[in-house]
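Student:
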Amino acid sequence: MAYPQVGVGLPIIGPEASPAAIADIAVTAEQVGFAAVSVFERLLLPAAPDWVNHAGLPEYPAYDASETLTYVAARTERVRLHTAVLMPLFQQPVVLARRVATIDHFSGGRMDLGIGLGWLPEEFVATGVPDHGRVAAYEEAVAVLRACWGPDPVELAGQHFTVPPAKIGPKPLAPLTLYGGGVTRSAIERAARIADGLTLAHRDWESTRVAIGWYHDAGGSGPIILRAGPLKPHPMLNGPLTFTPAAILDDLQLAAESGISRVDWDLNIVETPIADQLAAFKALAGRLW
């Protein structure tokens, strides 16, 4: 049976999240043969009296994605480093381009960037992202990233960002793979248009396959990365619980049949203890190779 590549999600949020736990997961993933480690970005948790946590966001702060991957780069030698996903509009894109390229250098060329528009209104307010024009600003930020990673001199005059003629570095060691992420059809189609690949957060197989169909229908032909793990029960989710340790091989087979290039198995979603995660990753590796 041919399975897709497998990576793991790092524990950057939750009661057991710590630098030691992050290092243990990353080093173990590399030692047992997994292809990548990935992180997501979460800036804050709203605390207004009338706010309702409909999405079930974890009630803990999250480590910064970029700094976490820099730390992991120093502890590993082979695994790819992936953001699934990071929001470019939360910081100035020239600064982000340099930060990502720096991680790429420190890791020996192992950085992949998964990006998304974002969805939590409080995060937009906290980072000064306007209510209107976000999609245009997001696409322009992607153009700035690509320009900064390309030949000097860099120059861009846009509606939202302006880069005067300048030499900007460091440049990535090799062309970076830029993965677009999202849930809505417009976000998936945008990834097909302006990114090199697609990164998805798995909810259930029906919605994952629909999103992949949107991507291909919009002309997307790049690699597809699925960040997936067992989810907490949710009234909007139907069907059996997927990506549990017991079901993982069946789900990896379904991933391969769906055209998914890599699955980043994330056992942090249901707050699996770190020791149990390590045991599950070792057990899976023993069954895969």
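All letters in the sequence shown, in the order written, are residues 1 to 289 by our numbering.
Virtual Cβ for every residue (Gly too), placed ideally from N, Cα, C.
1. Let me know if W265 comes out buried or exposed under the rule of 16 or more other beta-carbons within 10 Å of its beta-carbon.
2. Sort out for me which residues DSSP pairs L81 with in a bridge.
3. Given that a residue counts as buried once 16 or more other Cβ atoms are within 10 Å of its Cβ, and exposed if not, what is P88?
4. How about T127 and F161: are their beta carbons less than 8 Å apart?
5. Consult DSSP for Y71 and reduce its assignment to one of helix, strand or coil.
6. What number of angstroms, rounded off, separates the C-alpha of Y63 from the C-alpha of G213?
7. How about R78 and E30: do their beta carbons lie closer than 8 Å?
8. Which runs of the alpha helix (DSSP H) spanning at least 4 residues fall entirely within the region 140-198, listed in chain order?
9. Mind the definition here: the region 26-40 touches the region 6-16 only if three or more C-beta pairs lie below 8 Å; say whether that holds.
10. For the candidate residues V125, T68, V263 and D152, whose alpha-carbon lies nearest to that of F106?
11. For G114 versus G181, is the C-beta distance shorter than 8 Å?
12. For the alpha helix (DSSP H) containing W214, name the first residue and the last one.
13. Report back the beta-carbon spacing between E122 and P46 to the nearest angstrom; my notes put them in contact at under 8 Å.
14. Taking 7 Å as the limit between beta carbons, can you name the residues of its chain near K171, skipping five residues before and five after?
15. Taking the alpha-carbon positions, what's the I22 to V72 distance?
16. Starting from G118, follow the alpha helix (DSSP H) in both directions and report where the run begins and ends.
17. When you compare only the Cα positions, how much space is there between V163 and A137?
18. Using the three-state DSSP reduction, which class does Q31 fall into: helix, strand or coil?
19. Is the beta carbon of P223 sitting closer than 8 Å to the one on E16?
20. If I follow the unbroken beta strand (DSSP E) through G9, where does it start and stop?
21. Could you name the residues of the same chain whose beta carbon sits closer than 6 Å to that of A218, not counting the 5 residues immediately before and after it, in chain order?
22. What distance in whole Å lies between the Cβ atoms of A65 and T83, which are believed to be in contact at a cut-off of 8 Å?
23. A174 and G109 look like a contact to me (Cβ under 8 Å); what is the Cβ gap, rounded to whole Å?
24. Any beta carbon of chain C sitting closer than 8 Å to that of A280?
25. Taking the alpha carbon of A20 as the reference point, which residue from A36, L145, G286 and L278 has its own alpha carbon closest?
26. Measure the Cβ-Cβ separation of A195 and L178 and say whether it is below 8 Å.
27. Does the beta-carbon of L184 have 16 or more other beta-carbons within 10 angstroms, so that it is buried, or is it exposed?
28. Helix, strand or coil: which one does DSSP assign to D264?
29. Report yes if the C-beta distance between R203 and L231 is below 8 Å; otherwise report no.
30. Which same chain residues end up closer than 6 Å to V154 when comparing Cβ atoms and leaving out the 5 residues on each side of it in sequence?
Tutor: By the coordinates alone:
1. Buried, since its Cβ has 16 or more Cβ neighbours within 10 Å.
2. V37 and M111
3. buried
4. No, the pair does not count as a contact, with Cβ atoms beyond the cut-off.
5. helix
6. Between Y63 and G213, the alpha-carbon positions lie close to 33 Å from each other.
7. yes
8. 185-194
9. yes
10. T68
11. Going by C-beta atoms, G114 is nearer than 8 Å to G181.
12. W205 to D217
13. Sure, about 4 Å apart at Cβ, within 8 Å.
14. A101 and W149
15. 8 Å
16. It is not in any alpha helix (DSSP H) - G118 carries neither H nor E in the DSSP assignment.
17. 14 Å
18. helix
19. no
20. Q5 to G9
21. E189 and A192
22. 5 Å
23. 5 Å
24. Absent here is chain C; the protein component of the structure consists of one chain.
25. Minimum Cα distance to A20 is reached at L278.
26. yes
27. Looking at the sequence shown, residue 184 is not Leu but Thr. The residue is exposed, with fewer than 16 neighbouring Cβ atoms inside 10 Å.
28. strand
29. yes
30. A147, C148, V163, A166 and I168
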